[in-house]
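Undergrad:
Numbering (mature numbering (1 follows the signal peptide of the UniProt record, and there is no 0)), first residue to last: -23 to -1, 1 to 953.
Laid out in structure tokens, this is it:
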């Protein structure tokens, strides 16, 4: 035949140059091979027809490993239709299968004498079937996969030179559904050798992510994503159902949900490991095991809580992270103050609280006989104000006691673990005896406008009598007006009375133990005309009036203040002018003429606060563009918001990171509940929230220039004083709005002020803010946490009490930051040094180029007494006047921003030390390279020279030149 000379050339060309078959078997991890002819050890046994068409051949590679292949080269005859078919290939559940063929093909042009019927392509088909033993398939039943053409063909020269011309083609079959399939190859007149055939499918390999294991997963047909539910690894549980998608190319995509380690276990890469002895993990929501809290231990692994040491306890409601505690010691230093038939008890807290902050007090009352030996519980007629048990303050008022009676009061201190301890509770005891009444005797009546009284003291007073108290009023007018007088004697003349008027008098005694009972009422009438004083036994009639019994009245405190406006001989303390007049509406504090701020925590359902104050936004209307920062709860991005019928606007987008707890979600959205109540041009505006899909987002207006402190540092010295005052005015206006709503910011600083493209400053960051609660000082007391010392008023640091007045102090610091272009308040002083300096009266000096009036306003904001600080409304008015009268800003204060209060004398010996002293150390190399190596060389430096040295910021130039002037002025302190 004419083809015999072609076959040897083809075989000779093909196999000697092949890579060893073993190297061809290193396939990717995500590919599963169903058929690989390179691994066949015997005949392939495929069906070929006609018999003179495709021929199975076998050769040895360089390692003497047999290689099976098919070849055909019937190019001398026209109308070729040569087929061969593989055996049945089980698909193993794969819906999409890939066919990789490696082949060589002879260039028809290189074959002399070959007719024009020579081809350089062949066809590939498949037939799906559940029958693995089909012996015949019609050609018409096959489905064509593709016509395969060679990218590289060889010639006779290539054979002689033994040049490799191997082609590799990959095709795929989609949506397979039967048990398996057959592959078939059709030759229509080419000279071709099929070197290898590999059939494989792709899978997503076993993976562990977020503590969830995802099994080997076969990819879907048509490149569809396959959703896979993960299973939690050992010792973990689902937090949110773990899912991933297997892509068509065998890769895992879009992880959703996660597992968390169970109590007693912590995450270590892809598995959960047991907590070591001495550590514990109480909740699956905790990330890692923690060291046992004080007075507790864990001797075994996997501890979900630590056991308490002997004598220490943990209440059921205590978090497992809390230290074990013990009952408190007894209260100390009891003091009793008797007042008529009532007594006020006060005491000092226990010296040892047991390590807890929930100490309360209970009062036990017993009434004793005269000898004190027989005592019985007090009757229900005795009342305790505010209550008898569960007192949170070390003070109680006990009323409605019996006169001339011995009482024993025991004060007990308890805390949350007192009931768990078998030891007796610790008490402190107080014994008192109520006083007797005073008998009043009419001794003398004087004229129409005075009456003289005399009385006897009680038979058995409760201690030494210090003074007597006389109360009188016109008959039938007790509720309108009464007068209280005091004397140390047993007699008193009451003057200034109305003629012919009946008065009611009562007397009581006060001892070191307090006030006794009032004696009975006695009615006396002044004369209508002046009467002679009765001077002797013949002219006087002494009427002894013995008052039978005593009428028990209200306590002294209630008696003195029962009716508003009555005169009782005492001057009421003047009301603090800073204390706001408040009214109550629906149980909430409301300032007259202002909107009421409602704290989200007052809602039983915090989600309702979000619905009330924040608008829900469809996530499809938001387009995120880039990340601009990170917050406590997740990323902060910029983007665009396009609501229906509105123009597209730029927005800032805060997103809640994945894996959050419900508490984190509430805390994240509480800021939106707060911002949503504010509507002011100098308060950051809330656009809305996204809560109905993930991630949860808060959308606010976008502030192009970012935070004020960073913005000022970047543009040091580039603004006029009027521009800076305008920034201050905007901040003060926003704070006035918050103050009018009874809202205390608590963290006012330049870092929490945002600036837009028009230099409008807006107050932001309401994460630490709190509302004014209803207490006597209209202040909010924190429960701990970090305080920004350099911005915080001294009373807020010392007592953790915040008011609008403490915000005014912080505003003064913000003014200083603005004028100094973002300088750090108090420079490098430590927080403790700042607290000490403020307490000793130190205040920040005026920054460089600061007008006197602005520094004075700062000093007013830093008054130690909060009542002497200006209100935000006054600050806004002051700044408005300065803006209208720019000439008032021309007088500058005599200080420079670089003066460090910790260094009273400016003493340096080198240029480097001098630059460090004025906080310009970043220019050391600039000065050295310019030849300024000694202090005397810089005394005549100019702004032009600074520019040549790459000191280009105007603010830095002014600071350095001001420091040079100070070197001239303080020449005696410069060590050259």
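For each residue, glycine too, the CB sits at the ideal point set by N, CA and C.
(1) So, helix, strand or coil for residue 198, using DSSP?
(2) According to DSSP, residue 341 sits in a beta bridge with which residue or residues?
(3) In this structure, how does DSSP classify residue 895 when only helix, strand and coil are distinguished?
(4) Let me know the secondary structure DSSP gives residue 323 once reduced to three states.
(5) I think residue 649 touches residue 587, with their Cβ atoms under 8 angstroms apart; what is that distance to the nearest whole Å?
(6) Please confirm if the segment 56 to 68 is in contact with the segment 151 to 168, defined as three or more CB-CB distances below 8 angstroms between the two stretches.
(7) Given residue 252, which residues of its chain have a CB within under 7 angstroms of its CB, disregarding the five upstream and five downstream residues?
(8) I need the straight-line Cα distance from residue 943 to residue 868, nearest angstrom please.
(9) Three Cβ pairs or more, each shorter than 8 angstroms: is that satisfied between the segment 362 to 374 and the segment 322 to 329?
(10) Just to confirm, is the Cβ distance from residue 723 to residue 779 under 9 angstroms?
(11) Would the segment 618 to 626 and the segment 218 to 231 be scored as touching if the rule is three or more Cβ pairs under 8 angstroms?
(12) Counting C-beta neighbours from all protein chains within 10 Å, is the total for residue 310 16 or more, i.e. buried, or is it exposed?
(13) Look at the alpha carbon of residue 1036 and the alpha carbon of residue 272, and state the distance between them as a whole number of angstroms.
(14) Mapping the DSSP letters down to three states, classify residue 276 as helix, strand or coil.
(15) Report buried or exposed for residue 35, applying the criterion of at least 16 other Cβ atoms within 10 angstroms of its Cβ.
(16) Leaving aside the five residues before and after residue 150 along the sequence, list all residues of the same chain whose C-beta is less than 6 angstroms from its C-beta, in chain order.
(17) Going by alpha carbons, who is nearest to residue 655 out of 718, 602 and 632?
(18) Is the segment 75 to 88 in contact with the segment 198 to 212, if contact means three or more CB pairs nearer than 8 angstroms?
(19) According to the neighbour-count rule (16 or more other Cβ atoms, all chains shown, within 10 Å of its Cβ), is residue 328 buried or exposed?
(20) Out of curiosity, what's the CA-to-CA distance linking residue 831 and residue 866?
(21) Are at least three pairs of beta-carbons, each pair with one atom in the segment 111 to 130 and one in the segment 182 to 198, less than 8 angstroms apart?
(22) Go to residue 118, then tell me how far its beta strand (DSSP E) extends in each direction, as first and last residue.
(23) Spatial neighbours of residue 339 within its chain, please: C-beta separation below 8 angstroms, excluding the five flanking residues on both sides.
(24) On the three-state DSSP scale, how would you describe residue 171?
(25) Quick check: residue 783 and residue 721, are their CB atoms within less than 9 angstroms of each other?
(26) Taking just the CA atoms, how far does residue 850 sit from residue 805?
(27) Could you tell me whether the segment 621 to 641 touches the segment 603 to 612, where touching means 3 or more Cβ pairs closer than 8 angstroms?
(28) Buried or exposed: where does residue 902 fall if 16 or more other Cβ atoms within 10 Å of its Cβ makes it buried?
(29) Rounded to whole angstroms, what's the CA-CA distance from residue 497 to residue 485? Just pull it up for me.
(30) Excluding sequence positions up to five away, which residues of its chain have a Cβ less than 6 angstroms from the Cβ of residue 397?
(31) Can you grab the Cα-Cα spacing for the pair residue 922 / residue 891, in whole Å?
(32) From the DSSP secondary-structure annotation, give me the bridge partner or partners of residue 782.
(33) For residue 714, which of helix, strand or coil comes out of DSSP?
(34) Starting from residue 62, trace the beta strand (DSSP E) in both directions and tell me its first and last residue.
(35) Can you grab the Cα-Cα spacing for the pair residue 787 / residue 829, in whole Å?
(36) Return yes when the Cβ of residue 768 is within less than 9 angstroms of the Cβ of residue 823, no when it is not.
TA: So, to answer that:
(1) helix
(2) 387
(3) coil
(4) strand
(5) 6 angstroms
(6) yes
(7) 241, 242, 243, 258, 266, 278, 279 and 280
(8) 19 angstroms
(9) yes
(10) yes
(11) no
(12) exposed
(13) Only positions -23 to 953 of the chain appear in the structure, and residue 1036 is not among them; the question remains open.
(14) coil
(15) exposed
(16) 74 and 103
(17) 718
(18) no
(19) exposed
(20) 8 angstroms
(21) no
(22) Note, residue 118: premise wrong, no beta strand (DSSP E); not H, not E.
(23) 365, 366, 367, 368, 388, 389 and 391
(24) strand
(25) yes
(26) 33 angstroms
(27) yes
(28) exposed
(29) 10 angstroms
(30) 290
(31) 18 angstroms
(32) Note: residue 782 sits in no beta bridge, so no partner.
(33) helix
(34) 59 to 62
(35) 19 angstroms
(36) no
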